[in-house]
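Using the working numbering, the first residue of the sequence shown is number 4, and each one after it goes up by one. Where a beta carbon is used, it is the ideal one built from N, C-alpha and C, also for glycine. Note that the coordinates shown come from a computational prediction; the quantities given were computed from them, not determined experimentally. A short write-up of the structure that comes next.
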Amino acid sequence: MTVTEHVAYLKGLYEGLEIDGAKKEGKLLKGMLEAMEELANVVSDLERQNADLLDELDDVYEELSSVADELHPDHEAEDDLDFDPEEDLYQVICPTCGESLFIDEGTLDEGSIQCPACGEELEFDLSALYDEELEGTEEDSSVTE
C-alpha cells in the first residue's frame, strides 16, 4: 500500500465514523488528515522524480560506456579488472610513447614491465630507495641504544 493509498484509507475511516468537524477533536483530526494528504502527494512526486532521475542516470551511463568503447575499444570493463581499492598504485610514464600506467607494488618488485602501448621494456631499479630505508632504520636504532 502506497502512502497516498494509506492516507486515503484513513480519510475514508474518518468520514465513515462521522466525526463532528465542528468540535475540537474533529478539527484536529481533519487538519491532520489534510496535512498527511499533502505530505503523501509530495512523497509520491519525489518518488516519481527520483525514478525519472535514475532512468536518466542509466541513460547517461550507457552513453558514457559507448563513448568509452569508441575511444578505447580494447579496454576491459571495470568489473573485469582485478583491482583492490586498498592497494597502493604507482604511476609510471613510458619515456618512449608517454603512456601513463598504474602499477602495484608487486609489479615494481618484479623489476620490469612491458608498456602495453608501444612494447618498450620499462625497468624499475628501487635499490636506492631500499638503501635509504635501511640507512634510516640504522640511524633510528643507534639513537635508541
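One or two residues paired with residue i in a DSSP bridge
i: Tyr93; result: Ile106
i: Ile116; result: Leu125
Residue closest to residue i, alpha-carbon to alpha-carbon, out of the options
i: Asp128; options: Ser115, Gln52 and Val70; result: Ser115
i: Arg51; options: Val63, Ala120 and Thr5; result: Thr5
i: Glu7; options: Leu104, Met39 and Glu21; result: It is worth fixing the name first, because residue 7 is Thr in this sequence and not Glu. Ranking Leu104, Met39 and Glu21 by Cα distance to Thr7 puts Met39 first.
i: Val95; options: Val10, Tyr12, Cys118 and Pro76; result: Cys118
i: Asp112; options: Glu126, Leu60 and Leu57; result: Glu126
i: Glu102; options: Ala120, Pro76, Gly29 and Ile22; result: Ala120
i: Gly109; options: Tyr93, Leu67, Thr99 and Glu59; result: Tyr93
i: Glu41; options: Leu57, His9 and Ala54; result: His9
Bounding residues of the alpha helix (DSSP H) (the contiguous stretch that carries residue i)
i: Lys26; result: Element bounds for Lys26: n/a, residue is neither H nor E.
i: Gly15; result: Val6 to Gly19
Under 7 angstroms between C-beta atoms of residue i and residue j
i: Glu90; j: Asp107; result: yes
i: Lys33; j: Gly19; result: no
i: Tyr12; j: Leu36; result: no
Residue i burial status per 10 Å Cβ neighbour count (16 or more: buried)
i: Gly15; result: exposed
i: Val150; result: Residue numbering for the chain in the displayed model covers 4 to 148; residue 150 lies beyond these limits and cannot be assessed.
i: Val70; result: exposed
i: Val63; result: exposed
i: Ala80; result: Low confidence applies to Ala80: its pLDDT is 49, below 50, so where it sits in the model is not reliable, and the reading given next is rough at best. By the neighbour-count rule (16 or more Cβ atoms within 10 Å), Ala80 is not buried but exposed.
Chain D contact for residue i (CB, 7 angstroms cutoff)
i: Pro76; result: Within the model displayed, chain D is absent; a lone protein chain is all it includes.
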